[in-house]
Structure formats: C-alpha cells, structure tokens
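Asks: Here you go, one structure.
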Amino acid sequence: MTYLNSFCEVLKRKLFESANIANDKVYFYKVKDINDNFFEPMSEKVEQQYKSADGHEIESGKMNHIRSSSAMIYNLLGNSGVEIKENTLLPAGVYEKRFEQQISTLESSSRAANLDAWLCNDKAEIFIEAKCLEWIENGTDVRLKDKYFKSENYFYKRTADVFIKTGRLISCSQYDSCQMFKHTLAIYNDLLERVVTNKKIYLVNVVWELPEYEKLNSNFLKRYRLQEELEHLEFEYFRDNMKDIISLIAEETKCVFEIKYLTVKEFCDLINYHKYQKNYLNRYI
C-alpha cells in the first residue's frame, strides 16, 4: 500500500463507521452515488454554488472521493446557516454561508481565487480554505509566479509593493503558502471593493490531520509526524512573514484581520451541531 492510500484507508474505514452505507456503494476510495459522501443531500442553492464555480467539483466526480476536501467542508457546514458557539478562536454568532467563493487576485489574470467557504454576519467574516489529504500529498507550488512580482498586475497599485515584498519571503516546502498568499490578496481586494470596515476578518485553514489514536505502518507514521510538524512550523513562518499585509489590511479597512490554522476537530468543536450530524462527522475526527 502506498503512503497516500494508507490515509485513504483510514478515511474509508471511518466513513463506514459513521455513515449507514454498504460496502458495495464504495469503489476503492470513491462512492458511486455522490449523496453517499454527504451527511445530507445538497440543497438546490448549495448545489448551484458548486456548479457555478470553476472547480467542477460535482460534474468531474471529485466530490465522490472519500478524501474530497470539498465534500468535507460541505459536511462540516451543511445546507443551512452556521452557528459558532462561544470560544476563544472565532467570533460566536449565527452566520450566513456561501461555498466556492470566487474573488479576483490580479487585474491581469482571469483566474480568481477559489475559497472553499465564506461565513458572514454583521460583525465578522470567515474565509475558509479546507484541506483533507492535499497537504499530505504535498503537490503545491513553492514559489509564487512572476506575475505576482509586478505592480502593474495589481488592482490597487499604490499598495502592490507591500504584497511584492512579502511575496519574496513566504516560500515554503510543505505548507501551501502560495495559495494562502493569493487568498489574502483576494480578500484585500474584496474588502476594498465592498467597502467593508470595522469587522473581524479571518482567513482560516481547516485541515484534516490523522487522529492521535490511529495507527499506520511505522515508517509511514514516522514520515507523517515529520510532515505534520513541518506543516505547523511553516504555517507559523508564513503567518509571521505576512505581518506587513495584515497591518495594511487593518490600516485600510479598520478591520481586524487574522490568519488561523485549525484542525477539523478544532473547527468542529466551535460549531453547534445537532447530535446526528455531530455523530456523522466522527468520520473526520
């Protein structure tokens, strides 16, 4: 068994433990019917949000995969509004929600940043980038493309130098710093375009990590623990080097802006679920 497939096996077993589906409904690591990968069928509204995005998560069959991060964040947030309980990590309250939020990064580029979910109320906004096994597979860019180092490509050219300077500092070998830099730039553009002020704004990685009680081949487990440690260290490195952009967003919008890394378990602990959904979500915890 390959390193990556060992995690797929964990996710597959936990799906069978948490959901009432038969073995013959899963082919290798993919469900035959997309609804067997969901706690509840998608509403028409949510389905349209996915279908109108350029990720083609439904049409391509990506969301049929047990390891799908899009399916994971949909299961974590569901069809209706999201209620975050009192906690020390994210603002409590009831949030409206949108999946596959697309926001432009560069004026010169037709491709938008695709954030997996966006939660919003009158006091706070939470932009979410979810990762299931992508970070373990580790096929991310380690350096930004050249277009991010040219001020003429930015929507707000007067502040482009802050992003260009920071972009030279954030390269990582494990943590997906390039994607999170682009998401931050997109959020900056979005806040200015919508004239958002005096709110709390968060960019949050929601990341599946192997539960402590799970066992792997000893060599795989050793490799995983080193990878996990590097992921955490590089996130801290990235966040520290984003301080000038964080300050810029605060100065220009009067918003508090934070970048956070939460495991799926940490994120789930913040949300008020009914017991059936909470039990189902044990497949990720």
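Numbering (this note's numbering), first residue to last: 1237 to 1521.
Glycine included, every Cβ here is placed at the ideal spot set by N, Cα and C.
Please go through the same chain and pick out, in chain order, the residues whose beta-carbon is closer than 7 Å to the beta-carbon of E1373, but skip the five residues on each side of it.
Replies: Only L1240 meet the Cβ criterion.
Asks: Whole beta strand (DSSP E) runs in the stretch 1431–1481 with 3 or more residues, listed along the chain?
Replies: List check, beta strand (DSSP E) in window: 1436–1443.
Asks: Select from K1367, E1361, K1383 and F1363 the residue whose C-alpha is nearest the C-alpha of S1345.
Replies: The shortest Cα separation from S1345 among K1367, E1361, K1383 and F1363 belongs to K1383.
Asks: From what residue to what residue does the beta strand (DSSP E) around S1340 run?
Replies: Segment G1329 to S1340, the beta strand (DSSP E) holding S1340.
Asks: Helix, strand or coil for V1282 per DSSP?
Replies: The answer is helix: DSSP assigns V1282 an H, G or I state.
Asks: Given this structure, state the Cα-to-Cα distance separating V1246 from A1289, to the nearest angstrom.
Replies: So the alpha carbons of these two residues sit roughly 30 Å apart.
Asks: Just how far apart, CA to CA, sit V1492 and I1482?
Replies: Spanning the two alpha carbons is a distance of roughly 8 Å.
Asks: Does DSSP put F1493 in a helix, a strand or coil?
Replies: Looking at F1493 - three-state DSSP - the assignment turns out to be strand.
Asks: Can you tell me whether T1402 is buried or exposed? The criterion is at least 16 other CB atoms within 10 Å of its CB, across all chains shown.
Replies: By the neighbour-count rule (16 or more Cβ atoms within 10 Å), T1402 is buried.
Asks: Indicate the three-state DSSP secondary structure (helix, strand or coil) for A1349 in the structure shown.
Replies: Note: A1349 maps to strand in three-state DSSP.
Asks: Does V1431 pass the burial test, meaning 16 or more other C-beta atoms within 10 Å, or should it be called exposed?
Replies: Exposed: under 16 other Cβ atoms inside 10 Å.
Asks: Kindly indicate which residue of A1348, S1413 and F1243 has the alpha-carbon position closest to the one of G1291.
Replies: Of A1348, S1413 and F1243, the residue nearest in Cα terms is A1348.
Asks: If we count the other Cβ atoms within 10 Å of its Cβ and call it buried at 16 or more, is N1441 buried or exposed?
Replies: Flag for N1441 reads buried.
Asks: For H1419, does the three-state DSSP call read helix, strand or coil?
Replies: Correct three-state label for H1419: helix.
Asks: Leaving aside the five residues before and after I1485 along the sequence, list all residues of the same chain whose C-beta is less than 6 Å from its C-beta, in chain order.
Replies: Excluding residues within five positions, the ones whose Cβ falls inside 6 Å are Y1424 and F1493.
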